[in-house]
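**Q** For reference, the structure I am asking about is given below.
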Amino acid sequence: MNIFRLTGDLSHLAAIIILLLKIWKTRSCAGISGKSQILFALVFTSRYLDLLTSFISLYNTTMKVIYIGCAYATVYLIYAKFKATYDGNHDTFRVEFLVVPVGGLAFLVNHDFSPLEILWTFSIYLESVAILPQLFMISKTGEAETITTHYLFFLGLYRALYLINWIWRFYFEGFFDMIAIVAGVVQTILYCDFFYLYVTKGEGRSQLSIPT
Amino acid sequence: RTGDCTKDEL
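Chains as they are written, first to last, in the numbering used here: chain A, 3 to 214; chain B, 120 to 129.
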């Protein structure tokens, strides 16, 4: 564990908690893409099945349980509890165009053709594009609540910190995982446009307006 | 990773 990975995990945790609290406190999921949240729940489910097979550390297990729990709680709030506030008309990204190619790629490009490894690879590829429905929804509505932009900022920051963590681990431990690194680079690049807007227009505006 | 499936990262 290095400081980049730890702050990355904490940034990820912050994003997940920010979103969950935002929906719970405002009792509304307006502007939130339920599809992205379903994809994240799928990412955590397919990646953390090793919870059942191997114990790495208390930290590892605790964080995985929290991530999975929050992901499903968020999906529940969006599609059940605060269903009336779900903006389905703007959450129209065709997720099958993400899940199917990612599923196929996981079978073609992986480290080991075992079920757990295929599922882990699937989750890595899926996570890199899981935010697209959310970014697409914001581009359609042309705006995002400030709290949602903070959620996206921490979510994007987490994988950027992981990229630094992988540079650190390669340099000091000779460890590197090409699949995770390539997917992580793609994932972070998808946020660049948003990062630019967050930094340049974030201050002093109640709504972040993304040019459609 | 070279086969050592130590998925120690989240």
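Just so you know, even glycine gets a beta-carbon here, dropped at the ideal spot from N, CA and C.
Given a threshold of 16 other Cβ atoms within 10 Å of its Cβ, counted over all protein chains shown, does A:Ser116 qualify as buried or as exposed?
**A** Under this definition A:Ser116 is an exposed residue.
**Q** Excluding the five sequence neighbours on either side, which residues of its own chain have a C-beta within less than 7 Å of the C-beta of A:Gln189, listed in chain order?
**A** Glu129, Ser130 and Arg161
**Q** In angstroms with no decimal places, state the Cα-to-Cα distance between A:Phe155 and A:Ala32.
**A** Rounded to the nearest whole angstrom, the C-alpha separation of A:Phe155 and A:Ala32 is 18 Å.
**Q** Is A:Asp170 close to chain B, meaning its C-beta is less than 8 Å from at least one C-beta of that chain?
**A** It is worth fixing the name first, because residue 170 of chain A is Trp in this sequence and not Asp. Closer than 8 Å: no.
**Q** Which residues of chain B have a Cβ atom closer than 8 Å to the Cβ of A:Asn62, listed in chain order?
**A** Asp127 and Leu129
**Q** Give me the chain B residues within the contact set of A:Ile161, using Cβ-Cβ distance strictly less than 9 Å, ordered along the chain.
**A** The residue asked about is misnamed: residue 161 of chain A is Arg in this sequence, not Ile. What A:Arg161 touches in chain B: nothing, since even the nearest Cβ is about 11 Å away.
**Q** Thinking C-beta only, is A:Leu22 closer than 8 Å to A:Cys72?
**A** yes
**Q** Please go through the same chain and pick out, in chain order, the residues whose beta-carbon is closer than 6 Å to the beta-carbon of A:Leu137, but skip the five residues on each side of it.
**A** none
**Q** Counting only runs of 4+ residues fully inside the stretch 147-176 of chain A, write out the alpha helix (DSSP H) ranges in chain order.
**A** 148-175
**Q** Starting from the Cα of A:Leu134, find the closest Cα among A:His152, A:Asp179, A:Val101 and A:His113 and give me that residue.
**A** Of the listed residues, the one whose Cα sits closest to A:Leu134 is A:Val101.
**Q** Does A:Lys66 have its Cβ less than 8 Å from a Cβ in chain B?
**A** Closer than 8 Å to some Cβ of chain B, the Cβ of A:Lys66 qualifies, so yes.
**Q** Less than 8 Å between the CB atoms is what I'm expecting for A:Tyr198 and A:Gly10, so what's the real figure, rounded?
**A** Actually they do not touch by this definition, with Cβ atoms about 21 Å apart.
**Q** Which value, in whole angstroms, describes the spacing of the CA atoms of A:Cys194 and A:Asp52?
**A** 32 Å
**Q** Please say whether A:Val104 and A:Tyr127 have beta carbons closer to each other than 8 Å?
**A** Yes, Cβ-Cβ distance for A:Tyr127 and A:Val104 is below 8 Å.
**Q** Please tell me whether A:Thr122 has its Cβ less than 8 Å away from any Cβ of chain B.
**A** The question names Thr, but residue 122 of chain A is Trp in the sequence shown. Answer yes: the Cβ-Cβ gap between A:Trp122 and chain B drops below 8 Å somewhere.
**Q** Any idea what DSSP makes of A:Glu129, helix, strand or coil?
**A** helix
**Q** Assign A:Gly90 to buried or exposed, taking buried as 16 or more other Cβ atoms, counted over all protein chains shown, within 10 Å of its Cβ.
**A** Burial state of A:Gly90 is exposed, judged by a 10 Å Cβ sphere holding fewer than 16 other Cβ atoms.
**Q** Who are the neighbours of A:Asp93 on chain B, taking C-beta pairs under 9 Å?
**A** The contacting residues do not exist; A:Asp93 stays about 27 Å from chain B at best.
**Q** Under the rule that 16 or more other beta-carbon atoms within 10 Å means buried, what is A:Arg7, buried or exposed?
**A** buried
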